[in-house]
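S.K.:
There are 4 protein chains.
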Amino acid sequence: MNFIINTSSMIPIYEQIVDQIKVCIRDGKLKENDILPSVRTLSKELKISALTVKKAYDSLESEGFVITVHGKGTYIAATNKELLLEEQKKELEKDLDLAIQKGRRYGIHDDDIRELFELILEG
Amino acid sequence: MNFIINTSSMIPIYEQIVDQIKVCIRDGKLKENDILPSVRTLSKELKISALTVKKAYDSLESEGFVITVHGKGTYIAATNKELLLEEQKKELEKDLDLAIQKGRRYGIHDDDIRELFELILEG
Amino acid sequence: MNFIINTSSMIPIYEQIVDQIKVCIRDGKLKENDILPSVRTLSKELKISALTVKKAYDSLESEGFVITVHGKGTYIAATNKELLLEEQKKELEKDLDLAIQKGRRYGIHDDDIRELFELILEG
Amino acid sequence: MNFIINTSSMIPIYEQIVDQIKVCIRDGKLKENDILPSVRTLSKELKISALTVKKAYDSLESEGFVITVHGKGTYIAATNKELLLEEQKKELEKDLDLAIQKGRRYGIHDDDIRELFELILEG
DNA sequence: GTGGTCTAGACCACT
DNA sequence: GTGGTCTAGACCACG
Numbered sequence: 001m002n003f004i005i006n007t008s009s010m011i012p013i014y015e016q017i018v019d020q021i022k023v024c025i026r027d028g029k030l031k032e033n034d035i036l037p038s039v040r041t042l043s044k045e046l047k048i049s050a051l052t053v054k055k056a057y058d059s060l061e062s063e064g065f066v067i068t069v070h071g072k073g074t075y076i077a078a079t080n081k082e083l084l085l086e087e088q089k090k091e092l093e094k095d096l097d098l099a100i101q102k103g104r105r106y107g108i109h110d111d112d113i114r115e116l117f118e119l120i121l122e123g
Numbered sequence: 001m002n003f004i005i006n007t008s009s010m011i012p013i014y015e016q017i018v019d020q021i022k023v024c025i026r027d028g029k030l031k032e033n034d035i036l037p038s039v040r041t042l043s044k045e046l047k048i049s050a051l052t053v054k055k056a057y058d059s060l061e062s063e064g065f066v067i068t069v070h071g072k073g074t075y076i077a078a079t080n081k082e083l084l085l086e087e088q089k090k091e092l093e094k095d096l097d098l099a100i101q102k103g104r105r106y107g108i109h110d111d112d113i114r115e116l117f118e119l120i121l122e123g
Numbered sequence: 001m002n003f004i005i006n007t008s009s010m011i012p013i014y015e016q017i018v019d020q021i022k023v024c025i026r027d028g029k030l031k032e033n034d035i036l037p038s039v040r041t042l043s044k045e046l047k048i049s050a051l052t053v054k055k056a057y058d059s060l061e062s063e064g065f066v067i068t069v070h071g072k073g074t075y076i077a078a079t080n081k082e083l084l085l086e087e088q089k090k091e092l093e094k095d096l097d098l099a100i101q102k103g104r105r106y107g108i109h110d111d112d113i114r115e116l117f118e119l120i121l122e123g
Numbered sequence: 001m002n003f004i005i006n007t008s009s010m011i012p013i014y015e016q017i018v019d020q021i022k023v024c025i026r027d028g029k030l031k032e033n034d035i036l037p038s039v040r041t042l043s044k045e046l047k048i049s050a051l052t053v054k055k056a057y058d059s060l061e062s063e064g065f066v067i068t069v070h071g072k073g074t075y076i077a078a079t080n081k082e083l084l085l086e087e088q089k090k091e092l093e094k095d096l097d098l099a100i101q102k103g104r105r106y107g108i109h110d111d112d113i114r115e116l117f118e119l120i121l122e123g
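Protein chains in written order, with full-length UniProt numbering: chain U, 1 to 123; chain F, 1 to 123; chain L, 1 to 123; chain G, 1 to 123.
Quick look at the structure:
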């Protein structure tokens with residue numbers, strides 16, 4: 001469990017944690033019943049507030065990815081990997097959509113946007 | 001000067017204004033020394049806060065696209081249109097790149113990313 | 001909007017707020033597009049931390065009861081009152097179930113539990 | 001002495017132990033001066049932490065149901081069984097009352113609450 | 001003005 | 001030790 005936190009990024013710290021844990025789950029690095037680092041441990045490790053880690057874990061729990069047991073710890077739940085993939089695709093869809101919208105707002109033609117996209121994807 | 005504002009969009013209102021003015025400059029609808037609508041006029045027209053319009057104009061000024069003269073108004077500055085287009089493309093490129101990176105981090109295949117992209121572009 | 005907060009109760013403050021807002025929604029005291037008191041206003045009014053109010057609003061948002069607009073405020077969402085009623089019934093069911101379980105653990109006969117229940121309900 | 005522990009229940013483990021010992025006392029399965037299993041023995045038997053068993057015994061001692069003798073063990077104290085039953089009924093009454101109050105706060109009719117109650121009791 | 005995030009520390013309940 | 005809640009105050013982004 002090595003987390004990389006960028007405190008100066010626009011992405012909230014707790015969301016960065018959430019994202020990385022989701023990726024670990026999808027990649028099989030975290031399996032059902034695995035225990036996550038304790039809130040305090042992780043907060044010390046990442047040199048951030050315990051509340052920030054807690055918020056990340058709460059978010060994961062409300063989405064059903066982990067189960068928190070009072071006094072024991074936070075465990076990876078039985079996850080439907082397909083569901084997770086769908087969710088991640090939705091997120092990607094949102095990002096792509098926003099980018100395309102921006103391009104159009106800039107008056108850039110769809111063909112030019114596509115060309116740019118292919119250039120990045122293949123480059 | 002017809003602006004279209006979507007208050008329920010994810011994109012901040014001031015950014016929508018900035019974007020549309022940039023497009024007008026690039027397309028030649030706004031030329032050097034043209035005067036922009038006053039902050040108050042535009043805020044009434046778009047039914048938004050004057051502070052929001054002010055923020056848009058400030059942003060444009062800090063990027064060098066307009067010049068505000070105290071007590072007179074806000075004027076279009078001398079700009080290199082080609083440079084502006086390049087800049088906008090760079091911005092779009094950055095957004096697309098970030099989206100693609102996120103997709104790959106999520107382990108989504110390039111073909112699936114492309115498929116998603118085309119779906120959004122054509123949908 | 002009068003909230004009653006019991007800081008010495010076992011029920012978390014943020015949950016007390018959530019409950020009372022849900023009741024207001026169900027009773028029609030809060031309708032779609034009504035705005036909730038701002039996080040800071042309510043925190044001052046109830047003499048509690050702004051974060052506690054925020055947590056309550058976040059919880060309501062994740063359940064779909066309110067919609068938060070950055071820089072503007074928190075609004076009542078279009079709610080499915082029937083769904084809300086179902087949810088509340090589930091909560092009541094859980095509480096009754098726990099009480100019955102406790103009675104049985106204590107070796108109290110179902111008939112005695114029922115008698116007690118009727119006594120309270122009618123008294 | 002056969003205890004049934006449900007670690008995934010909402011009820012704290014130590015409370016489950018306390019409850020079951022109280023029932024044994026009331027039913028006469030445990031009488032004055034009977035010795036309880038040692039903290040270590042019970043913790044191994046139930047596969048739970050010794051601290052949890054200790055907490056249960058402490059709780060019983062503070063309520064006057066058992067007496068712990070250092071270096072010897074934990075013994076059942078002289079208790080008034082009728083008083084114990086009354087106490088347990090009071091506790092149950094409180095829980096049922098709270099549930100009914102919550103139901104009414106939610107605007108659920110008494111008839112519906114009763115129906116729900118019967119459903120759970122009989123189901 | 002509004003919400004969004006984060007901190008550093010506190011106290012409590014459960015194991 | 002663990003998680004659960006709360007505080008008082010900070011800084012940022014949006015309107």
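Note that beta-carbon positions come from the ideal geometry of N, C-alpha and C, so glycine has one too.
(1) With DSSP as the reference, label T68 (chain U) as helix, strand or coil.
(2) The alpha helix (DSSP H) with Y57 (chain L) in it runs from where to where?
(3) Take the Cβ of D19 (chain F) as the centre, count every other Cβ of all protein chains shown within 10 Å, and call the residue buried at 16 or more, exposed below.
(4) I76 (chain L) by DSSP, collapsed to three states: which one?
(5) Run through DSSP, which three-state label would I108 (chain U) get?
(6) Is the shortest distance between the beta-carbon of D58 (chain L) and the beta-carbons of chain G less than 8 Å?
(7) Using a Cβ distance threshold of 8 Å, determine whether the stretch 6 to 24 of chain L contacts the stretch 45 to 64 of chain L, with at least three qualifying pairs required.
(8) Is the shortest distance between the beta-carbon of F117 (chain G) and the beta-carbons of chain L less than 8 Å?
(9) Is the stretch 65 to 85 of chain U touching the stretch 97 to 114 of chain U in the sense that three or more CB pairs, one from each, lie closer than 8 Å?
(10) By a C-beta neighbour count over all protein chains shown, 10 Å radius and 16 as the cutoff for buried, is T52 (chain G) buried or exposed?
(11) Among residues of its own chain, excluding the 5 on either side of L36 (chain G), which ones have a beta-carbon nearer than 6 Å to its beta-carbon?
(12) CB I108 (chain U) to CB Q88 (chain F), shorter than 8 Å?
(13) Which residues share a DSSP beta bridge with I35 (chain F)?
(14) Can you look up D5 (chain L) in the DSSP assignment and give me helix, strand or coil?
(15) Measure the alpha-carbon distance for Y106 (chain F) versus K29 (chain U) and round it to whole angstroms.
(16) Is V39 (chain G) near K54 (chain G), with beta carbons less than 8 Å apart?
(17) Taking 8 Å as the cut-off, decide whether the C-beta atoms of I48 (chain G) and I11 (chain G) are in contact.
(18) How would you list, in chain order, the residues of chain G whose beta-carbon sits under 8 Å from the beta-carbon of I120 (chain L)?
(19) Considering only residues of the same chain and omitting the five flanking positions on each side of S9 (chain U), which have a CB-CB separation below 8 Å?
(20) Under 7 Å Cβ to Cβ from C24 (chain L), same chain only, skipping five residues before and after it: list those, please.
(21) Three-state secondary structure (DSSP) at L30 (chain U)?
(22) Can you list the residues of chain L that K89 (chain G) reaches, using a CB-CB cut of under 9 Å?
(23) Taking L83 (chain U) and R26 (chain U) to be in contact with their CB atoms under 8 Å, please state how far apart those CB atoms are, rounded to whole angstroms.
(24) Can you give me the C-alpha to C-alpha distance between residue 138 (chain U) and D34 (chain U), rounded to a whole angstrom?
(25) For G103 (chain U), count neighbouring C-beta atoms within 10 Å of its own C-beta (all shown protein chains included) and say buried if the count is 16 or more, exposed if not.
(26) When DSSP labels each residue in this structure, what does K47 (chain F) get in the three-state scheme?
(27) Whose CA, out of L:G123, L:D110, L:E122, L:L119, lies closest to the CA of residue 128 (chain G)?
(28) How about V23 (chain G): is its C-beta nearer than 8 Å to some C-beta of chain L?
(29) Using a Cβ-Cβ cut-off of 6 Å (strictly less than) and excluding sequence neighbours within five positions of I67 (chain U), which residues of its own chain qualify?
(30) Name, please, each residue of chain F whose Cβ falls closer than 8 Å to the Cβ of R26 (chain U).
(31) Take N80 (chain L) as the anchor and find which of L:E45, L:E91, L:F65, L:L121 has the nearest alpha-carbon.
(32) Where K72 (chain F) and N6 (chain U) are concerned, what is the direct C-alpha to C-alpha distance, given to the nearest angstrom?
(33) Chain L beta carbons: is any one of them nearer than 8 Å to that of D34 (chain G)?
(34) For I11 (chain U), which three-state DSSP category applies?
(35) Nearest-angstrom Cα distance between L92 (chain L) and E122 (chain L)?
M.R.: The relevant details are as follows:
(1) strand
(2) 50 to 62
(3) buried
(4) I76 (chain L) sits in a strand when the DSSP states are folded into three classes.
(5) coil
(6) False, the Cβ-Cβ gap to chain G never drops below 8 Å.
(7) The answer is yes - the stretch 45 to 64 of chain L touches the stretch 6 to 24 of chain L, with three or more Cβ pairs under 8 Å.
(8) Cβ-Cβ to chain L under 8 Å: yes for F117 (chain G).
(9) no
(10) buried
(11) T74
(12) Yes, these two residues count as a Cβ contact at 8 Å.
(13) F:Y75
(14) Note that residue 5 (chain L) is Ile in the sequence shown here, rather than Asp. In the structure shown, I5 (chain L) sits in coil (DSSP, three-state: anything other than H, G, I, E or B).
(15) 13 Å
(16) yes
(17) no
(18) For I120 (chain L), the C-beta contacts it makes with chain G under 8 Å involve E93, L96, D97, I100, in order along the chain.
(19) Q16
(20) Same-chain partners within the cutoff: L30.
(21) coil
(22) In chain order: G103, Y106, I108, D112, L116.
(23) The pair is not a contact, with the Cβ atoms about 11 Å apart (cut-off 8 Å).
(24) No information on residue 138 (chain U) is available, as it lies outside the stretch 1 to 123 that chain U covers here.
(25) buried
(26) coil
(27) Beyond the ends of chain G as shown, which are 1 and 123, falls residue 128 (chain G); an answer cannot be given.
(28) Yes - at least one Cβ of chain L is within 8 Å of the one on V23 (chain G).
(29) Apart from sequence neighbours up to five positions away, the residues of its chain that approach I67 (chain U) with a beta-carbon distance below 6 Å are Y75, A77, ordered along the chain.
(30) Simply Y106, G107.
(31) L:F65
(32) 44 Å
(33) no
(34) coil
(35) 18 Å
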